[in-house]
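Here the working numbering runs 29 ahead of the position in the sequence shown, where the first position is 1.
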Amino acid sequence: YFGYHVTAYPEYVLIAVDRATGQPVAKAHSVPISWEQDPADGMPDGGWDWVIRTSTHDRLSGTTPTIVSAIEIFIRPDLRRGGLSGRMLEAMRDNAARLGFTDLVAPVRPSGKHEHPDVPIDEYITWTRDDGLPHDPWLRVHVRAGGKIVNVAHTSMVIPGQLARWREWTGLPFDKTGPVHVSEALNPVHCDVDQDVAVYIEPNVWVHHRIG
Numbered sequence: 030y031f032g033y034h035v036t037a038y039p040e041y042v043l044i045a046v047d048r049a050t051g052q053p054v055a056k057a058h059s060v061p062i063s064w065e066q067d068p069a070d071g072m073p074d075g076g077w078d079w080v081i082r083t084s085t086h087d088r089l090s091g092t093t094p095t096i097v098s099a100i101e102i103f104i105r106p107d108l109r110r111g112g113l114s115g116r117m118l119e120a121m122r123d124n125a126a127r128l129g130f131t132d133l134v135a136p137v138r139p140s141g142k143h144e145h146p147d148v149p150i151d152e153y154i155t156w157t158r159d160d161g162l163p164h165d166p167w168l169r170v171h172v173r174a175g176g177k178i179v180n181v182a183h184t185s186m187v188i189p190g191q192l193a194r195w196r197e198w199t200g201l202p203f204d205k206t207g208p209v210h211v212s213e214a215l216n217p218v219h220c221d222v223d224q225d226v227a228v229y230i231e232p233n234v235w236v237h238h239r240i241g
């Protein structure tokens with residue numbers, strides 16, 4: 030389903046271009062979805078996976094969307110840490126308002142969580158700096174932009190695979206049953222040698238932006 034969002038929702042795709050060079054420097058993707066409750070009261074545990082499925086099902090069934098959900102903001106690696114992520118988030122908020130929506134949600138992937146893979150996500154999101162802002166850099170960008178942390182999406186992205194595939198993906202042996210720490214993963218990957226399968230379950234954090 031993810032691969033269709035560019036052609037299905039072109040008005041929700043934003044590209045930032047360097048005026049001097051004409052080269053793209055960042056992109057932001059969002060999709061419209063139907064959600065009848067107030068996002069501030071909580072969003073589904075399925076997070077990112079749920080958003081992708083819901084947007085597709087709504088489009089195919091003709092269901093009228095009520096809110097917009099972010100699904101990706103990507104900054105060119107050599108330009109990260111320069112404030113561009115906040116500008117892209119602001120542009121996404123403005124675009125959702127331009128399209129007539131009053132709520133933007135985001136199943137945020139906490140960008141610093143991979144440095145603490147054994148810390149439960151529910152504990153991690155309570156960490157704050159001395160100024161009261163979230164410890165996590167990406168959550169901090171959202172809060173600075175006016176977003177409110179709503180709840181954790183514990184099963185936001187679920188990736189199963191046979192052990193041979195995981196070895197190919199990661200270069201790790203995956204030869205013992207138990208948790209396996211993979212670089213950049215927010216949680217350990219669950220490996221079961223007897224069943225020849227490993228599953229990565231990534232938690233994200235729902236953030237709600239009231240806009241418009």
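Each residue gets a CB set at the ideal place from its N, CA and C atoms; glycine is no exception. The structure displayed is predicted, hence computed values, not measured ones.
When DSSP labels each residue in this structure, what does residue i get in the three-state scheme?
i    : result
D132 : strand
W235 : strand
G190 : strand
T155 : coil
S140 : coil
H34  : helix
V181 : strand
V148 : coil
Q240 : Note that residue 240 corresponds to Ile in the displayed sequence, not to Gln. Reduced to three states, the DSSP call for I240 is coil.
Give the range of the alpha helix (DSSP H) segment to which residue i is assigned.
i    : result
E65  : Looking at the DSSP string, E65 is not in any alpha helix (DSSP H), and its letter there is neither H nor E.
S114 : 113-127
Would residue i pass as a contact of residue j if the rule is Cβ separation under 8 Å?
i    : j    : result
S140 : S98  : no
V255 : L118 : Residue 255 cannot be examined here, being either before or after the span of the chain that is shown, 30 to 241.
V134 : V42  : no
A37  : A120 : no
V234 : A227 : no
D87  : S185 : no
Y229 : I178 : no
I104 : S114 : yes
A69  : R122 : no
V172 : L162 : yes
Y244 : H145 : No statement about residue 244 is possible, as the shown extent of the chain runs from 30 to 241 and does not include it.
Tell me which residues share the same chain as residue i and place their Cβ nearer than 6 Å to its Cβ, disregarding the 5 neighbours each side in the sequence.
i    : result
I150 : V181, P232
Compute the minimum distance between the beta carbon of residue i and the heavy atoms of the ligand PLP, and state whether it is under 7 Å.
i    : result
V209 : The ligand PLP is absent from the structure shown, which contains no ligands of any kind.
Report all residues from its chain with a CB closer than 7 Å to the CB of residue i; omit the five preceding and five following residues, and keep chain order.
i    : result
R158 : H164
E40  : L128
With respect to the beta strand (DSSP E) encompassing residue i, which residues constitute its N-terminal and C-terminal limits?
i    : result
V211 : No beta strand (DSSP E) holds V211; DSSP gives it neither H nor E.
D223 : No beta strand (DSSP E) contains D223, which DSSP labels as neither H nor E.
V97  : 96-104
L43  : 42-46
Considering Cα atoms alone, identify which of the options is closest to residue i.
i    : options              : result
W195 : S212, H183, F103     : S212
L215 : V222, R105, V137     : V137
K29  : A126, F103, D225     : Because the chain is modelled from 30 through 241, residue 29 falls outside the range shown and cannot be assessed.
G129 : P61, M72, Y30, D221  : P61
I240 : G176, E40, L168, G51 : G176
G32  : E101, D67, D74       : E101
V222 : H143, P202, G75      : P202
H34  : G51, W198, S84       : S84
Only counting the same chain, and skipping five residues up and downstream in sequence, which positions put a Cβ closer than 8 Å to that of residue i?
i   : result
E65 : T95
T92 : S63, H86
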